[in-house]
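Novice: Here it is, the structure, as structure tokens.
Residue numbers (this note's numbering), protein chains in the order written: chain A, 638 to 750; chain B, 2 to 116.
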């Protein structure tokens, strides 16, 4: 009986998802300064890369990945999420990342099928 | 043999959700200026209120409501979403709102529950 192992394989593991997101951000944005013309491209790459890696995990989940990038300019930014789902099977993970020139917040929501 | 048939085709209506969101935002931060002390409360109220209204509709969906409020100070802000789901039943809606001193972006994601 492999109950414990199969539970691991079908659960939303926050650390795993968090490291996938951080790798994506480092690879796509890294140390680049905020550039209005390139931000759109970065955002698409970050979310697509994250989604690609997540679907490769092969778990029975639907995923939603959101990304916010803000220039460091002294402005205040507040973000909140509320979810109506099944607490036992669904989960989320939010990574707050920054470099010298910009802030980036990526949230991943995993909903069990 | 048991079969469940519902009379109506249940699908996500982005227009309905969009109206719910706009009313919530207006109700909470309608005529006020950005305040660092209160913004925490505002974002929490917006997401909770929106979620409650959506759940009241009684449709078989799981919901995720995301809200970002940013002070207007000349900084650039970009947001993006990407979703891996069933495109025939699931959907999302994003509302961008602003007043004199702040921007507010609210996204609603609805994922169908298999009955």
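Virtual Cβ for every residue (Gly too), placed ideally from N, Cα, C.
Which class does residue 684 (chain A) belong to by DSSP, given the choice of helix, strand or coil?
Specialist: Residue state, collapsed to three classes: helix.
Novice: What are the boundary residues of the alpha helix (DSSP H) that residue 53 (chain B) is part of?
Specialist: 40-57 is the span of the alpha helix (DSSP H), which, as asked, contains residue 53 (chain B).
Novice: Kindly indicate which three-state DSSP category residue 114 (chain B) falls into: helix, strand or coil?
Specialist: Three-state DSSP puts residue 114 (chain B) in coil, outside helix and strand.
Novice: Give the C-beta separation of residue 684 (chain A) and residue 81 (chain B) to the nearest angstrom, bearing in mind that I take them to be a contact with Cβ-Cβ under 8 Å.
Specialist: With a Cβ gap of about 5 Å, residue 684 (chain A) and residue 81 (chain B) count as contacting.
Novice: Go ahead and pull the three-state DSSP assignment for residue 2 (chain B).
Specialist: Any reading at residue 2 (chain B) needs caution, since the residue's pLDDT is 47, under 50, leaving its predicted position unreliable; the model's value is listed next. Residue 2 (chain B): coil per DSSP, three-state reduction.
Novice: Taking only the alpha-carbon atoms, compute the straight-line gap between residue 658 (chain A) and residue 673 (chain A) and give it to the nearest angstrom.
Specialist: Each residue's alpha carbon lies about 22 Å from the other.
Novice: I'd like to know whether the C-beta of residue 673 (chain A) is nearer than 8 Å to at least one C-beta of chain B.
Specialist: Yes - at least one Cβ of chain B is within 8 Å of the one on residue 673 (chain A).
Novice: Check whether the Cβ of residue 715 (chain A) lies closer than 8 Å to any Cβ atom in chain B.
Specialist: Answer yes: the Cβ-Cβ gap between residue 715 (chain A) and chain B drops below 8 Å somewhere.
Novice: Would you report the Cα separation of residue 74 (chain B) and residue 32 (chain B), rounded to the nearest angstrom?
Specialist: Going from the Cα of residue 74 (chain B) to the Cα of residue 32 (chain B) covers about 18 Å.
Novice: When the cut-off is 8 Å and only beta carbons count, does residue 657 (chain A) lie next to chain B?
Specialist: No - not a single Cβ of chain B is within 8 Å of the one on residue 657 (chain A).
Novice: Pull up the DSSP beta-bridge partners for residue 101 (chain B), would you.
Specialist: In DSSP, residue 101 (chain B) forms no bridge with anything.
Novice: On the DSSP bridge assignment, give the partners of residue 107 (chain B) in chain order.
Specialist: DSSP, once it has assigned bridges, lists B:68 and B:96 as partnering residue 107 (chain B).
Novice: Helix, strand or coil: which one does DSSP assign to residue 718 (chain A)?
Specialist: In the structure shown, residue 718 (chain A) sits in a strand (DSSP, three-state: E or B).
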